[in-house]
Structures are given as structure tokens and as C-alpha cells.
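Protein chains: 4
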Amino acid sequence: MTKLHACLFGAGEMATIHARNLISDPRVDLRYIVDPATDRAEALARACNARAVSADEAFADPDIDAYLIASPPRSHADYLDRAAATRAYVFCEKPIDHDIARIRACMARLKGREDRVQLGFNRRFDAHFLRLKQAIAAGQIGRVEQVLIISRDPEAPEVAGFIHSSGLLKETAIHDFDLIRWLLEDEPAELYVMADALINPAYLTVGQIDTTTTTLRMAKGTHVTVLNSLRASFGYDQRIEVLGALGQVSVGNVVESQMVLSTAAGIRSEKPLWNYPQRYAAAYRAEILSFVDCVVHRRPVTPNAFDGLWASLISEAAILSMTSHAPVRVEAAG
Amino acid sequence: MTKLHACLFGAGEMATIHARNLISDPRVDLRYIVDPATDRAEALARACNARAVSADEAFADPDIDAYLIASPPRSHADYLDRAAATRAYVFCEKPIDHDIARIRACMARLKGREDRVQLGFNRRFDAHFLRLKQAIAAGQIGRVEQVLIISRDPEAPEVAGFIHSSGLLKETAIHDFDLIRWLLEDEPAELYVMADALINPAYLTVGQIDTTTTTLRMAKGTHVTVLNSLRASFGYDQRIEVLGALGQVSVGNVVESQMVLSTAAGIRSEKPLWNYPQRYAAAYRAEILSFVDCVVHRRPVTPNAFDGLWASLISEAAILSMTSHAPVRVEAAG
Amino acid sequence: MTKLHACLFGAGEMATIHARNLISDPRVDLRYIVDPATDRAEALARACNARAVSADEAFADPDIDAYLIASPPRSHADYLDRAAATRAYVFCEKPIDHDIARIRACMARLKGREDRVQLGFNRRFDAHFLRLKQAIAAGQIGRVEQVLIISRDPEAPEVAGFIHSSGLLKETAIHDFDLIRWLLEDEPAELYVMADALINPAYLTVGQIDTTTTTLRMAKGTHVTVLNSLRASFGYDQRIEVLGALGQVSVGNVVESQMVLSTAAGIRSEKPLWNYPQRYAAAYRAEILSFVDCVVHRRPVTPNAFDGLWASLISEAAILSMTSHAPVRVEAAG
Amino acid sequence: MTKLHACLFGAGEMATIHARNLISDPRVDLRYIVDPATDRAEALARACNARAVSADEAFADPDIDAYLIASPPRSHADYLDRAAATRAYVFCEKPIDHDIARIRACMARLKGREDRVQLGFNRRFDAHFLRLKQAIAAGQIGRVEQVLIISRDPEAPEVAGFIHSSGLLKETAIHDFDLIRWLLEDEPAELYVMADALINPAYLTVGQIDTTTTTLRMAKGTHVTVLNSLRASFGYDQRIEVLGALGQVSVGNVVESQMVLSTAAGIRSEKPLWNYPQRYAAAYRAEILSFVDCVVHRRPVTPNAFDGLWASLISEAAILSMTSHAPVRVEAAG
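Protein chains in written order, with my numbering: chain A, 425 to 758; chain B, 425 to 758; chain C, 425 to 758; chain D, 425 to 758.
(1) For the region 572-588 of chain A against the region 425-434 of chain B, are there 3 or more C-beta pairs whose distance is under 8 Å?
(2) For I493 of chain D, which of helix, strand or coil comes out of DSSP?
(3) To which residues of the same chain is A474 of chain C closer than 7 Å at the C-beta, ignoring the five residues directly before and after it?
(4) Determine the contact status of I604 of chain A and V675 of chain A, defining contact as a CB-CB distance below 8 Å.
(5) Thinking C-alpha only, which one of A:L713, A:F483, A:R555 and A:R753 is nearest W606 of chain A?
(6) Please name the residues in the region 648-668 of chain B whose beta-carbon is closer than 7 Å to at least one beta-carbon of chain A, in chain order.
(7) Give me whichever residues DSSP pairs with S693 of chain C in a beta bridge.
(8) Leaving out five residues before and five after D610 of chain A in sequence, what residues of the same chain have Cβ atoms less than 6 Å from its Cβ?
(9) List the endpoints of the continuous alpha helix (DSSP H) containing Q558 of chain C.
(10) Could you tell me whether the region 513-527 of chain A touches the region 493-502 of chain A, where touching means 3 or more Cβ pairs closer than 8 Å?
(11) Quick one: which residues of the region 676-693 of chain C get their C-beta closer than 7 Å to a C-beta of chain A? List them in chain order.
(12) Can a CB atom of chain A be found closer than 8 Å to the CB of V673 of chain D?
(13) Could you give the C-beta distance for L593 of chain B and A742 of chain B, rounded to a whole number, given that I count them as a contact under 8 Å?
(14) Measure the C-alpha to C-alpha separation of R540 of chain C and I712 of chain C and round it to an integer number of angstroms.
(15) With 8 Å as the threshold, decide whether the Cβ of Q564 of chain A is near any Cβ in chain D.
(16) Taking 8 Å as the threshold (beta carbon to beta carbon), is T747 of chain C in contact with chain D?
(17) Report all residues from its chain with a CB closer than 7 Å to the CB of D550 of chain B; omit the five preceding and five following residues, and keep chain order.
(18) Between N445 of chain D and R723 of chain D, how many whole angstroms is the CB-CB distance? I'm expecting something under 8 Å.
(19) So T636 of chain A and I623 of chain A are supposed to be a Cβ contact under 8 Å. How far apart are they, rounded?
(20) With DSSP as the reference, identify every bridge partner of Y513 of chain A, one or two as the case may be.
(21) So what does T639 of chain B bridge to, in DSSP terms?
(22) Measure how close the beta-carbons of F601 of chain B and S739 of chain B come, nearest whole angstrom, since I'm counting them as under 8 Å.
(23) Is it true that the region 612-631 of chain A meets the region 532-539 of chain A, where meeting means three or more beta-carbon pairs spaced less than 8 Å apart?
(24) Report back the beta-carbon spacing between L737 of chain C and V754 of chain C to the nearest angstrom; my notes put them in contact at under 8 Å.
(25) For A710 of chain B and chain C, any beta-carbon pair shorter than 8 Å?
(26) Measure the C-alpha to C-alpha separation of H721 of chain C and D463 of chain B and round it to an integer number of angstroms.
(27) How would you list, in chain order, the residues of chain D whose beta-carbon sits under 7 Å from the beta-carbon of L556 of chain A?
(28) May I ask you to verify whether the region 691-701 of chain A touches the region 681-693 of chain D, counting CB pairs closer than 8 Å and requiring at least 3?
(29) Sort D:Q564, D:I441, D:E437 and D:R528 by Cα distance to D731 of chain D and report the nearest one.
(30) Should Q376 of chain D go down as buried or exposed, given a rule of 16 or more other Cβ atoms within 10 Å for buried?
(31) Identify the contact partners of H552 of chain A in chain D, using a Cβ-Cβ distance below 8 Å as the criterion.
(32) Output yes if chain D places a C-beta closer than 8 Å to the C-beta of R616 of chain C; else output no.
(33) Among A:L543, A:P727, A:S478 and A:A467, which has the Cα closest to the Cα of A501 of chain A?
(34) State buried or exposed for E665 of chain C, treating a residue as buried only when at least 16 other CB atoms are found within 10 Å of its CB.
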């Protein structure tokens, strides 16, 4: 069997997760790790039996079948542009870029091959959410009327570490915006955002907020509410509820274990899995295996570059609603 | 022991609930039932060992210590005005009136004795919600950041039966608006409403909607979301979640029984109690006993007429947000 | 309406529960309270608008329609004998007596009117267990194969207070033995008991044990396990699970409230209701109302004196298994 | 890094699970698959990049560091004897043999190196049960008093397929007997078994039963109940509850997903994972990784051959109790 030759950009937490999943697939030869922090790149390369190289070297190798971009968000678009010039498939972490114009420029370069660029919306590969989507699609709750997504990180970052972030709406809520589109097979028509720094007012000094409540009306009329926060002290809070004409389908948190301790202090069950590496471990693995499958069989990927653009357009509308203090219509990706 | 002499306006479902709770209290002499539907009034009077009389007769009796108004909403304000002219305490179902000007006129008449008029916000007396409020007040979740209230009826009414209603926001959501104020000991500063007829578009022909998603920012900054709907096919859906700096406190639905049936078809537990008479049976009883206590001991009631006005002001802002399609500031009751 | 004239033996905790339920029923005139502790008898009588009298006076009144025996167990059989000489119905707390010969003597006196003597097996009137029984009877789990009953008190008594008890198997497990017969509509054929003083070895000095594990084989072959203990530190532990060919039906504990607190310390839900007065409040009320119904309509009661004998025969077999350290066949009541 | 050279006996379901876990560990070279069904052996060998060989060839290779025995139970002891003659570590599925004398003969050959033979008691490696054991060991429930283990297969086998089985007590309950010893760090002193063919009376024709209720008294006095059945129609039913002086710790079933569907038909959550390959996937992986660790670092394994003997002695006592219809003392392994 000829192996799929892969190159991974990034050597941080997310890249390491992808690297491990790549090397566990016997079809994959993870050839290169690219990261300007060469120590980190070399450590990850060693652990994966790969080589740490420069981006130039990586793009110069004509044998690469797949570039995976898990570097910091501000570098995504440049790597994507260069990968677009090759024959390879691309896996790109969200968002493509923080700037819509820059994303549209990428899309122009990708024209005709958007479905060879998979976006890192891992939650679409979560087994729990897949069951929920199947239940909706099978008509088990009838026409969908009112949706709730709760998506909260366990620990708010230090103010200093948050300066260069593109923020809660562009980096975290973007997952939820993609989830809505995927679950409902519908697009948001308009939205309204309340956003505040309730956890730490000092975030405002670096232009950040920590708590958002977003309501969306979908093209088909469905109401959606997304509650985001940088801190749920009991662990990563990831829930979905969908109400329809015939009932409701929901997915609650996945907990650390089934152990329950009953004492005079109460009935104590275990907390949700602590953060995304734990909660979505299987989903990260599934999204990479799905990507590898598509590369191997030359099939279109999903979610693709259009999905990346859509989610960013919704984030952009959310930012505008926040700053204008008014409901905002969502621009279409088409 | 001298008994408390009471008069009840209304002989419908809600009035019947109150009547039963009144006669089960040995301190109460339920003397009169007043309802223009005399058959109904007489039937209830017979069951309670009371007399069905006209409103004039009822107000002419100087011995009445307490008037309880559980007649249709459009009659509340008139009865309240007349009761205000007596020395009696008043229990009044919400809302005082659908029209804020009319409510303010009532308040003017009541001036100085607003705390002798108890409003029928029964959920404040629910044991589950009381535990939740205590947990918040005790600081168990720290400063409150993000609140979710889900409040859905089990069955949407026929269009014809909905014509004279003042609607979901004024008759149902008003409970949730009161709950927020009570739980958070804070007032809403502004709100935004999405409202649609998703269950039955024909509601629009009678000026009604069936699904609302309301987001509020409280004076202290807390985000609140209220999801209302006229239909949750699995039963009365009444839940609260409150996220704070230290964690979350929530109350889920109360179910019909603890029975769980596990078969090849899945693990089936029991549905929520079907509707308000079942879910809030104990709360209705507790609010009436609390009212009777206040009358007997000449103490101020709670929630009082001001609370009734506040909740209606929030409903009014909600209506304005719905019609103007924009966020709206909430007028203060003070 | 002519009222039902009732006389209650006992003025302790259980008698007080019955007294409250009796006086809340407008069909009942609770005429007498009988208790050798006259202070206690008079206090309860005052609270119920009844008279504290001697047993002789109580039995001398030919108008009494119902005698209710909620005095200490050692007095049950004597009161039952005397009540058997009247035309009245009887409600008798379990057990009829600790001694099977004495119970058989009672039964002989009652011959032909065993179905006018209701035994205080309150759990048959619990709404949760009734749903479970209905599910079994409706065939929802098919033929029953393996049953588990967990029945544990929250607090073990002081050794001194346990001296005169007839013990865990005769006073507590007897409820479970009755439950089995009622749920399964079958009789135990044999049983085996492990019994120890694990909570407090000092119980052995007064001939008592605190922890029992009883396994029974029913006439139809079904396996039943009953776990009893005098102490579940988290509250009254009252659960049933029934496995059948098609699945399982179970009833878990009923908790203090639906509140759930999620913090860094875990997800804490509320404890089971603390003890029998809380857990079975509605069942105590239902059993008394059912008894009153039977008296008013001159219908046979259930559970009746035969059920009392059966449950005691099972307890007796359990004691024999414990002391003989061997499986024991259960004597039939017939 | 020198690799650990391994040989696997068996090519059935359990062997395949172990093979996959072995080859996923980069420290392991899975060299041989041995199975008299050569087609099956070769298929598995191909999938693992190993060679299908005879047992003689396998034992003739002096480089083998680890023999793993996952062949049918009747072959375990012979392979174990031959492996005992090499310098290799052994992993052996339970039971070592159905015959205690044969097990003791194996033990005699293994003398002095019992801790290089790991028994396949996978449940000791389950993350949920580990948390439960930690809670007990940390004293969170105080002294242990009463334990319940429920262990039921989802589907009862055909009678024909059950002829050669050593039965429910020797093949299934043996896991539970090992769990008890491990959780409680105590040995059973005596036990009593009720065993019947309630699911399918035809099992009796091949000397099998399908439903057992076993009660054990541990050396320290703790009561243990084990409920076994060949059929829980809703899926693999694997639960543990441990009551102690300070409370209870329990582990419930692990379900297929967190999805909950609420409709007019009830609140339906997902079933337990269907059978052992699903429920214990992570535990199977963990036990093999632990074994590999021990081989690599020349450390004693756990659970070891003594644990295998102990569990079989308890099974043997259970069989004796079943046939003698009496409580039986458990022979010590020492």
C-alpha cells in the first residue's frame, strides 16, 4: 500500500492531538512538522518519527498528499494560499482568518476545489451530536422550533494571554455557529448578541469580553440561543437541546466517570470532562480519519472551505451586533 | 379563634385551586364566591360550603378580611380598585391588567398599601426554586453571570381560544420575568425579544405568537435568557439554570414518578408533570397559606403590587422589542 | 352525610400521621384517642378535636365504625382481639404480633372477616411502586426473573432503644416481604438469610442485628434479593428493581428537591427524603383514604389480615434461616 | 529500542481484541498467532503483520518474551504449562481451568513465578471501577458493610452453543468474584447460591443454568450479593454498589450516548453499551498495556496466577452451594 504523505503545520496542543491521530493510522506517513518554534517542532517530530522542516521545504516536496494546518490562527490563510498552489488536500483549523476579506481572498484562490479543504469543526464528528442530528433528521421531534447550545470553557485565561486572541465570538462561538448550520441544515438569517466582561472586567482593557448570549433566527424561522462563557468552574460545559413539534432531543455533558458518591453531604456525581482534549478526543480522531479517508479515496471533504467561510460570516455578524447593540442580518456565503 | 373571612372572585380552574387550598386551612372562612357564570359560581360555592353572590354583595360585607381575585385578567383591575376601597387584604392573579396605564391607575389608588396586595406569582413558593434561590443567596455559586429559564406549556390552544388572550409575553412570560427579579434580586435594564408563530402560523391571524426567545441584561450586568413556547409535547417544561463564578445551580423538571423502564427500545423514564395544576400544586398551596398568614398577622405580603407592576413593565418592554425588532430599555417601576 | 366514627389506638409518631390523615377526610369523625401515656393521648386528642379515653371506654361505644391500631407492636394482638368482637372495621399496623401462634389465634377469632382488617403495609399505596406494579402486570418486562429490593433506614438506633424491638427482620423487612408478594402476585417458597451486626457489634448484646441480606425463591421460580440495613447515611434508601424477559423496571429514591449544584467539587444533587414520614407521606394518606372508602362502602380491604399473617410467616422463616444458618422453606398461610 | 516479542494463542473474538491492542503499542512485536483453525489464525496474522504458526513452533522460539493465551478455556492450562517452562511472561484469560486440581497442578509448575502470569480480569482496569475502588480506599464511605454487584449478559446463547461451556458461575461470575476480592481487599469466607434456568428451562438438559443469585460473607464480615443473568434485554448490565458507614459509592451502566429524546411517549435515554467488547474496550486496552509495561520493566504483574486460583476456588464453592442447596465455606488459595 502506498502511504499518504502528510505535513503538519504547528506543534502546539492542537497539532499534537492531530499528530497522534495521524500516526495511529497505518495509511499515513507523517513526513514533516513545521513550526517556527524549532525546539517544539523537533520534539513533536521525534515523537512521530517525522522531520522538523521549514515551510519552504514542506511546500517544495511534490509528494505531499495532505497539508494539515494547526498553527496559530493568524498563519492559517498564508499556509492555505500556498497549499492551494499544490495538488494536495488541506485540513485547516478554524477560523481560516479573522478577516472576512482575507478569507474571501483565500476562497478565490481555492475556487473549484473548496471541497478538498476540510475545516476543523470537530464537533460534527462527536458521536453524541451525530446521534442527535440523526434523531432530528429521522423526524423524531418533528419540525424544529427552538434550539439551545451551551458552550463554555472551564477556565478563563489571564488577561495578558488573551490580548492576541480574536476573541470569544470568533474563536469559540464559531464552533457553535457551525454546529447550528450542520444540525439544522439551515442558515441563520439574523442574530442579536449581548456581550460583556462579567468574569473579569479587565478583559475590556484588551478589547475582549468573556460572556455572550447570542440569539439567532434561522432562514426557516427556527429560534436558536447560544450561551458562551469563558468559565464554567465545574468543567467544559457542552450541551445541546432541540425542541420540535413532537418533542425534544438533547445531549448533556459527558462526565469523567459513572461513579456516584452518596453521603450525608449529598449525592455527588462526577464532573464533565475537563476541556476539549478530553471531551472531544474521539471526535478529533474521527475528523482526522474522515479526512484521511477522503484523501485516500479522492472524495470531497466535509465540512469544507465554504463551511469555514459561513461560520466566519456568522461570527462577523455577531461582532457587528455586539458593537452596534442591534440585531444584524447575516451575509450569505454563496 | 376568630376566622378570617374571605371572598373569592372567579370559579374557573385557578379559582378552584385557590378555593380548595383556602378551605383546607382551619383559619379561613371562605364566605363568598363571585362569578358572573352563576352555575359555575354556585357549584364551587356548594363544594366549599360558601355562598355564590354578586360582586356588589361581596363588597358590601364589612366583615371581609381578604378578597382573592382569580377571575379572567380583564376583570382584575376593577375588582382591585373596589377592594382598595375596603380595609381588606387582596390576593390578585397576574397580571393586574394588560395595560400599563390602567395598572398605574390601580397603583395610585393603592398608594401606601401596596404591601397588602399579594400577586399570584406562585413560582416563588415552589420548594425547588426556593432551594435554588437559597443556594444563590448563600453564595454557593458566587457572583451570578448567566441565567437560563425555560418555561413551556404542554399544549398549544386552538386559535379561536387564543383570540382574547393578552398573549405569551403578557400571560406566561410574566411569571419568568418575576422569577428573574426574585432569584437575582436585581432588575432588568434592557431586553431583546424574538417572537414567532412556529407551532401554528394561524396564530398570527389573531395577533398572537407561540414561541419567544428573550434575552435580558440585568442592572448588575447578568445575562438572562428566557425560552418560552406554547408546546412541549412531553409535558410542562419548567427549568432554571444559573451560572456563577463558582459553578452552576439548576432545577430540572419534576416527573410523574421515579419509575424507569429499560427495554430493547431504550431507557424510558417518566415525563414531567403535565401542566401547572400538577407541577405547582404545592406552590399554589404555599402561596395561599403565606397570604393567609400575612392577613392573620397583619404583615406585609410578598410578592406585592409593586412586583405586579414590575413584571408587567418587563412584559410591556418585551412587546415593544418584539414589535420594534430592536433591544428596548425596561422602564423602572419606582 | 352520616360520618364514620373512628377510634385510634396510639399517640406516637405513626398514630399522629394517621390522625392527621383521618381528620383531613370530611367523612371521618375521629372520636377517640387511646394511649396509656395520657399526656400524649390528650395532646393528640386536642389537636384532632377528639377525646382521650381508655380502651374500655373505646370498646364500649357501639357507634364506632373503625378501630385503628397504631400502638406499639406488642399491643396489636390484644386490641385486635377486642375489635374482632365488635361490628367495626380494623386498621392494624404491622406486625399483628411477633409470635406466629399468637397471630394464628387472632386469625381464628377473625375467621370469616379477615377482609375487614387492613394491615398497615403502606408501600402498596406508594404512587411510584404502583406504577412499577402496573408495568409488570401489563407485561412490559415479560416474565419476571430477578428482583432486588433495597430498604435501609437512615439512622441506626441506640443499643438501649433497640432492646425491646422485635428486630430488623420482623419490623422492617416485613414491609419488603409484603411488597414482594404484592408486586409479583406470588408466594416465597424458600429463603436464605445472612444477618450481622456490622454497624454496631454491640447490638448483639441485646440479641439484635443491623444488616441483612435475604434471598428468596418464589413459587414460580423468581429470584428475589432483599438488602436491609439500619443505616444509609445519605437518607432513607428505598429502591426496587425487577428484571424480566423483556427488560427491567425500577424505582429509585425520591429526593428532597430537583436542585443540582455543579462546582469544582463535583455535581451534587439532593439526597433521598430523610425517612418514612417524608418518603411515604402520600402513601400513608392514600392507605387511610382507601381504608375509609372500604368502611364507608362496606367493601373488603386490602391488604388484609391474611396478608399480615403471610408477611409474618416469611419473617419467621427469615429468623429461622438466620439462626440455623441454612435455607428454610416458608410455611404457607392458607 | 528492542521490541518485546509476543505470541498470541487464539484467533477468536477475545484474541482479536488483544491483538489489536498489542499492535497499537510501539513497544510490541506480535510475532505469532497460534490457533488450530488455521484460516482464522492466518487471517488474524495477516491483519497484524504476524505469522500463523503451530504451538510447537511458537514454544520453540527462544526470543519470545510474552505468551498471551486467549484460546478456549479448556486449552489454557496446557499452554500455561508449556509457557511455564520458558523464561517468558504469560497473560492468560480466565479461568486457568475448570478443574481446581488441574489449576493446582499448573500452580505447582509456576511455583515462584506466579507474579509473571497475568490473569485476564479486565474489570480491574476499568476506569469507572478504579474510581470506585479509590473512593473506598480513601475512606470516603468508611467501613464497608453491604455490596451489590449486578453482572448480566445482553443475550442468552442457544442451548446447543452452551453445551461445552463451564457455565455462568465458572465463566461469568468468576469476574465478579475477582472484583469483590480486588475492591474489598478481603476474601470470601462463605457463600450461598440460588441458581435456576428461568430464561430457558431447556438449559437444564445440558446441565446449565441462566440466573444466579449469590450471597457471600467476607472474612471481615461484609455482605456481598452478586446477581448474574444471561439476559438483560436492554444491554450489558454491569453495576456495582458499595454501602459503608459514611455512605454509598456506586457505578452505573455506561450508555451508548448522552442523547435523550423527550416525547409524548416518555423520556428516553440511551441503552447501556451492548456487550463486553464495547463496555470494556478501554479496560482491555489498559490491561494489555499494563502487562506490556510489566514485561518491559520486569515487574510483577497484577492480577496474577494466585488471583486466578482464588477466583476459581470461589466459583468452585458456588457450584458446590448450588448442587448441595446449602451455604458453603470457601477454600483458601494460600
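Even glycine gets a Cβ: it sits at the ideal position worked out from N, Cα and C.
No experiment lies behind these values; they were computed from the predicted model shown.
Walking through what the data contain:
(1) With contact defined as three or more Cβ pairs closer than 8 Å, the region 572-588 of chain A and the region 425-434 of chain B are not in contact.
(2) Taking the first residue of the fourth sequence as position 1, residue 493 of chain D is located at position 69. If DSSP states are grouped into helix, strand and coil, I493 of chain D belongs with the strands.
(3) Walking along the third sequence from the start, residue 474 of chain C turns up at place 50. Around A474 of chain C: L454, R455, Y456 and I457.
(4) Start at 1 with the first residue of the first sequence, and residue 604 of chain A comes out as number 180. Start at 1 with the first residue of the first sequence, and residue 675 of chain A comes out as number 251. Going by beta carbons, I604 of chain A and V675 of chain A fall outside the 8 Å limit.
(5) For the purposes of this step, residue 606 of chain A is identified with residue 182 of the first sequence, where counting begins at 1. Nearest option by C-alpha distance: A:R555.
(6) Under the 7 Å Cβ criterion, the region 648-668 of chain B contributes T649, L651, S653, A656, S657, F658 and L667.
(7) Here residue 693 of chain C corresponds to residue number 269 of the third sequence, with the count starting at 1. A:I691 and C:V684.
(8) For the purposes of this step, residue 610 of chain A is identified with residue 186 of the first sequence, where counting begins at 1. Within the same chain, D610 of chain A has close Cβ partners M642, A643 and K644.
(9) Working through the third sequence from its first residue, we reach residue 558 of chain C at position 134. Secondary structure note for Q558 of chain C: its alpha helix (DSSP H) is the uninterrupted segment A551 to A561.
(10) yes
(11) S686, T687, A688, G690, I691, R692 and S693
(12) For the purposes of this step, residue 673 of chain D is taken as residue 249 along the fourth sequence, with counting starting at 1. Yes, contact with chain A.
(13) The sequence position of residue 593 of chain B within the second sequence is 169, counting from 1. The sequence position of residue 742 of chain B within the second sequence is 318, counting from 1. Rounded, the Cβ-Cβ distance is 5 Å, consistent with contact.
(14) As a first step, residue 540 of chain C must be located in the third sequence, where it is residue number 116. As a first step, residue 712 of chain C must be located in the third sequence, where it is residue number 288. Going by the C-alpha atoms only, they are around 14 Å apart.
(15) The residue labelled residue 564 of chain A in the question sits at position 140 within the first sequence. Yes, its Cβ sits closer than 8 Å to a Cβ of chain D.
(16) Position 323 of the third sequence, counted from the start, is the residue given in the question as residue 747 of chain C. Chain D contact via Cβ: absent.
(17) The count along the second sequence starts at 1 and reaches residue 550 of chain B at position 126. So the list reads Y704 and A707, once near-sequence residues are dropped.
(18) As a working mapping, residue 445 of chain D is identified with position 21 in the fourth sequence. As a working mapping, residue 723 of chain D is identified with position 299 in the fourth sequence. Not confirmed; about 19 Å, so no contact.
(19) Against the first sequence, residue 636 of chain A aligns to sequence position 212. Against the first sequence, residue 623 of chain A aligns to sequence position 199. Contact between T636 of chain A and I623 of chain A does not hold, since the beta-carbon distance rounds to 12 Å and is not under 8 Å.
(20) Numbered from its first residue, the first sequence carries residue 513 of chain A at position 89. Note: Y513 of chain A is bridge-paired with A:A490 in the DSSP secondary-structure output.
(21) Residue numbering aside, residue 639 of chain B sits at position 215 when the second sequence is read from its first letter. BP columns for T639 of chain B point to B:Y616 and B:T649.
(22) The residue given as residue 601 of chain B occupies position 177 in the second sequence. The residue given as residue 739 of chain B occupies position 315 in the second sequence. So it is a contact: roughly 6 Å between Cβ atoms.
(23) The region 612-631 of chain A makes no contact with the region 532-539 of chain A, as fewer than three CB pairs between them are under 8 Å.
(24) Your numbering for residue 737 of chain C matches position 313 in the third sequence. Your numbering for residue 754 of chain C matches position 330 in the third sequence. About 6 Å separates the two Cβ atoms, so the contact holds.
(25) On the second sequence, residue 710 of chain B is found 286 positions in, with the first residue counted as 1. No, A710 of chain B lies away from the interface with chain C (no Cβ there is under 8 Å from its Cβ).
(26) Reading the third sequence from its first residue, position 297 is the one you call residue 721 of chain C. Reading the second sequence from its first residue, position 39 is the one you call residue 463 of chain B. Between H721 of chain C and D463 of chain B, the C-alpha separation is close to 30 Å.
(27) Position 132 of the first sequence holds residue 556 of chain A. Result: M683.
(28) no
(29) Taking the fourth sequence and counting its residues from 1, the one referred to as residue 731 of chain D is at position 307. The candidate whose alpha carbon is nearest that of D731 of chain D is D:R528.
(30) Outside the modelled stretch of chain D, which goes from 425 to 758, sits residue 376 of chain D, for which no answer is possible.
(31) By one-based count along the first sequence, residue 552 of chain A stands at place 128. The contacting residues are S681, Q682 and M683.
(32) On the third sequence, position 192 is the one that residue 616 of chain C refers to. Looking at the sequence itself, residue 616 of chain C is Tyr, so the reference to Arg does not match. Chain D, which has a Cβ nearer than 8 Å to the Cβ of Y616 of chain C, makes this yes.
(33) Walking along the first sequence from the start, residue 501 of chain A turns up at place 77. For A501 of chain A, the nearest C-alpha among the options comes from A:L543.
(34) Here residue 665 of chain C is taken as the residue at index 241 of the third sequence, counted from 1. Answer is buried; the Cβ neighbour count reaches 16.
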